[in-house]
Amino acid sequence: GNRWYIEGWGPGKIIYKNYVPKPAPYMISTSELNTAVDIMKNNGISPDESFVIVNPDTKNTTLATNKDWGFDKWQELTNLLSEHVKVVRIKPDGPVKDVSGHVQYKQKTLANAVNILENDVRISFAVMAGSKAIVTSEGRVHHFAAAINKPAFVLYGGVIHPDQTGYIGRNQTYYVYDHPETPCGSQIPCSHCREAMAAIKPQMIFEDVMQELDSPV
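So that you can map any letter, position 152 of the sequence shown is 192 in this note's numbering, and since no number is skipped, the others follow by simple counting.
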């Protein structure tokens, strides 16, 4: 609760202040890279094959379910992308613990995607580093993408805003709800956040990702 973009706390909500994060250097060791290559090979992904990371997983503690786009929308996006590029999803195999405590984890497997089970976050990042782009909700994975300057498509919705955690000029596309209550910072399930996530359509993200994949390197 002492992060640079937090001004204070209201009744059931975070009060934000503007902050521009600076990407920290992130190094992937040779051992981590070799492990990632082995994992990809074991899951039918060749070292020179193009793939996109789709990350439907969100922490369900601090900001409740307000970052959750809905698994059906992630599946729809995956179906669209998988017609053109391999989609990879990396997930833990059960509940995890982080600084906010015990995080329940019961997400389903994505159809039309390679689903990799991996509990070591650094190994997960090593696999993600080989992708062409990352699609994720705001959070740990989008911070990693900024650290290595990987193209990322980040679903903010209405609970938080790029004015707090956005990496300007770091190859990131943001999906934010244009509404007077954004960012609401609600720590309980919020109708404004549900509206915000409903306004983000799989087709629009699909088109943005394909434009990135078609652009010259």
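Just so you know, even glycine gets a beta-carbon here, dropped at the ideal spot from N, CA and C.
Just so we're clear, the structure is a prediction, and the values are computed from it rather than from any experiment.
Across which residues does DSSP place residue i in a beta bridge pair?
i	result
A173	V92
I130	I156
K107	For K107, which the question treats as bridged, DSSP gives no partner whatsoever.
S86	BP columns for S86 are empty, so no partner.
S164	Looking at the DSSP assignment, S164 forms no beta bridge with any residue, so it has no partner.
W44	DSSP output for W44 lists no bridge partner at all.
W49	I54
Contact criterion: CB-CB distance below 8 Å. Does residue i meet it with respect to chain C?
i	result
V249	In the structure shown, chain C does not exist; there is a single protein chain.
Along the beta strand (DSSP E) that carries residue i, what are the first and last residues, could you check?
i	result
N152	It is not in any beta strand (DSSP E) - N152 carries neither H nor E in the DSSP assignment.
A192	192-197
Where do the N-terminal and C-terminal ends of the alpha helix (DSSP H) with residue i fall, by residue?
i	result
Q212	Taken as a continuous stretch (DSSP letters only), Q212 belongs to no alpha helix (DSSP H), being part of the beta strand (DSSP E) at 212-216.
E72	70-82
I55	Element bounds for I55: not the alpha helix (DSSP H) but the beta strand (DSSP E), 53-56.
S226	No alpha helix (DSSP H) contains S226, which DSSP labels as neither H nor E.
P61	No alpha helix (DSSP H) contains P61, which DSSP labels as neither H nor E.
P65	Careful: P65 lies outside any alpha helix (DSSP H) and carries neither H nor E.
Q251	242-254
A239	Run containing A239: none; DSSP gives neither H nor E here.
Q147	No alpha helix (DSSP H) holds Q147; DSSP gives it neither H nor E.
H219	Taken as a continuous stretch (DSSP letters only), H219 belongs to no alpha helix (DSSP H), as it is neither H nor E.
S183	Inspection of the sequence shows that residue 183 is occupied by His rather than by Ser. That run of the alpha helix (DSSP H) goes 180-187.
Pick out whichever of the options has its Cα sitting closest to the Cα of residue i.
i	options	result
Q115	C230, T102, R129	R129
M67	H219, A187, L253, M250	A187
D88	V194, V167, V181	V167
G225	P202, V127, R162	P202
Y56	M250, K172, T205, D108	T205
G50	C233, N58, Q227	Q227
P191	I200, Y45, A169	A169
S90	Q243, T98, G209, L121	L121
T101	N95, E123, S86, K137	K137
K241	R43, G110, S164	G110
E221	Y45, N42, I54, R210	I54
I85	K126, D254, E47	K126
K131	L117, Y217, Q243, K146	K146
T70	R162, N58, L157	R162
A185	N95, E72, R43	N95
G52	A104, H183, P61	A104
K250	G48, G209, K148, E123	Position check: residue 250 holds Met in this sequence, whereas Lys was assumed. Nearest of G48, G209, K148, E123 to M250, Cα basis: E123.
Is residue i near the ligand FMN, in the sense that its beta carbon is under 7 Å from a heavy atom of that ligand?
i	result
Q147	With respect to the ligand FMN, the structure offers nothing, as it holds no ligand at all.
List the whole-angstrom C-beta distance separating residue i from residue j, where the pair is believed to meet the contact cut-off of C-beta under 8 Å.
i	j	result
C233	N82	Rounded, the Cβ-Cβ distance is 38 Å, inconsistent with contact.
V92	A173	5 Å
G179	K99	6 Å
L150	T176	That belief does not hold up - the Cβ atoms of L150 and T176 are roughly 13 Å apart, past 8 Å.
P63	Y207	6 Å
Y215	V194	7 Å
H219	A238	About 12 Å; that fails the 8 Å criterion.
- Is the stretch 229-245 close to the stretch 193-201, with three or more CB pairs under 8 Å? yes
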